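Counting the sequence shown from 1 gives a position; the numbering used here is that position plus 166.
C-beta: ideal position from N, C-alpha, C; glycine also.
Every value quoted in this text rests on a predicted model; they were computed, and no experiment measured them.
First the structure, in the form of C-alpha cells, and then the observations on it.
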Amino acid sequence: MISVMVLTLNEEHDLPGCLESVAWSDDVWVFDSLSTDRTTAIAEVSGARVIQRKFDNWAAHQNWAMENIPFKHPWVFYIDADERMTEGLREAIHQAVSAAGGHVAFEVERRDFLNGTWLKHVQLSAWYTRLFQPSKMHYERLVNPVSVVDGTTGRIAGYLDHFPFSKGVTYWIQRHNDYSTKEAQQLMLNQADAPAFRLRDAFFASDFQTRRKQQKQLFYRLPGRPILKFILIYFAKRGFLDGSAGLTYALLQSIYEYFIVLKTRELRQHPQ
C-alpha cells in the first residue's frame, strides 16, 4: 500500500537502522547519489532496490525521483538515512492512506535529537510533508527544499525520529558549511526572481507558500540575522528548556546563519 524512498550518500553508518524501521514495506527504494562506501551493498542485502543518480541540487534530485522511480504503490513515504520511523507513525500512515479523505499528502511530526536529548523547543518547524502521492508532489530550492503539493495536505499522529548528529558535530558542521554555500546561492536567485516584497503578505497572505516566501524575504532583510536567529531559537522558542543540548543547537544554527551572511556578501562582491 505504501512505498518507501530513502535518500543516501555514503550512509553505511545510519542506513541499517533506517531500513530496519521501514522493513514493513514491500517496496523500499534507496535513491543513492553514487556512494563510495558500503551503502548500496547494505541496501541490497536488506532487500531494498537501489537506483543511482549524480546529485546536482536538492530540488532537481528529488523531482527526478518523483518522475522516474517506478514505485509499486500509489503512496510514498520519504525518509532520510539518519531518520527512524516509530511504531506509532507506522500505524498512523497506514490508517491515513486507508482513509485519505481527498488529501494527496500528509505532514508528519519530526523529533530531532542531540546527545540523546529531544530538541523539543528549538526546532523552527516540526512538521514535514513526507507521505504523498508522487504525481502530486514537487520540490523547490537548491537546499532545504520546500515541498509543494498539488492538492490538500493533512496531518497525522506519530513521530519520525531524526538524529542529525549521529556522525558527530564535525560532520554536522562540514555538511552545513556546504548547505550555507547553496543557501547563499539560493538567496541571490530569490532576490533576482522574487516578487515585490510586501510586509502584509508575510503575515496575512491566504496562500501558505506565498506567506512563507514573503517571510523569508523579510528575514533576509533584517540586520544581525545570526544574533536574531539565536534569540529566536533560544529565547523566543524557549530553547533553554532543552538544556545544554538546546544551547549547543542554538549556537550552531547561529553560526550556520553567519556562514550564509558571509557567503552572500562574497557573492555580491564577486559574482560568479
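Taking the beta carbon of Ala402 as the centre, do at least 16 other beta carbons fall within 10 Å, making it buried, or is it exposed? Exposed, because fewer than 16 other Cβ atoms sit within 10 Å of the Cβ of Ala402.
Practice problem: Name, in chain order, the residues that DSSP records as bridge partners for Ser169. | Solution: Looking at the DSSP assignment, Ser169 forms a beta bridge with Val242.
message = Does Glu432 pass the burial test, meaning 16 or more other C-beta atoms within 10 Å, or should it be called exposed?
response = Answer is exposed; the Cβ neighbour count stays below 16.
Practice task
State the DSSP-derived secondary structure class of Leu290, mapped to helix, strand or coil.
Solution key: Coil at Leu290, not helix or strand.
Buried or exposed by the 16-neighbour rule on C-beta atoms within 10 Å, applied to Trp241: Buried, since its Cβ has 16 or more Cβ neighbours within 10 Å.
Quick one: what's got a C-beta closer than 6 angstroms to Asp316's C-beta in the same chain, skipping five residues either side?
Around Asp316: Lys302.
Quick check on the burial criterion: 16 or more other C-beta atoms within 10 angstroms. Buried or exposed for Pro300? Here Pro300 is buried: its Cβ has 16 or more other Cβ atoms, across all protein chains shown, within 10 Å.
For Gly334, which three-state DSSP category applies? Correct three-state label for Gly334: coil.
### Sub-7 angstroms separation of Ala231 and Cys184 beta-carbons
One thing to note: Ala231 has its Cβ no nearer than 7 angstroms to the Cβ of Cys184.
- prompt: Going by alpha carbons, who is nearest to Ser332 out of Leu353, Arg250, Thr319, Lys348?
  reply: Among Leu353, Arg250, Thr319, Lys348, the Cα nearest to that of Ser332 is on Arg250.
From this set, Leu428, Lys379, Phe272, His304, which residue's C-alpha is nearest Leu297's C-alpha? The shortest Cα separation from Leu297 among Leu428, Lys379, Phe272, His304 belongs to Phe272.
query: Taking the alpha-carbon positions, what's the Asn356 to Ser372 distance?
result: C-alpha separation (whole angstroms): 21 angstroms.
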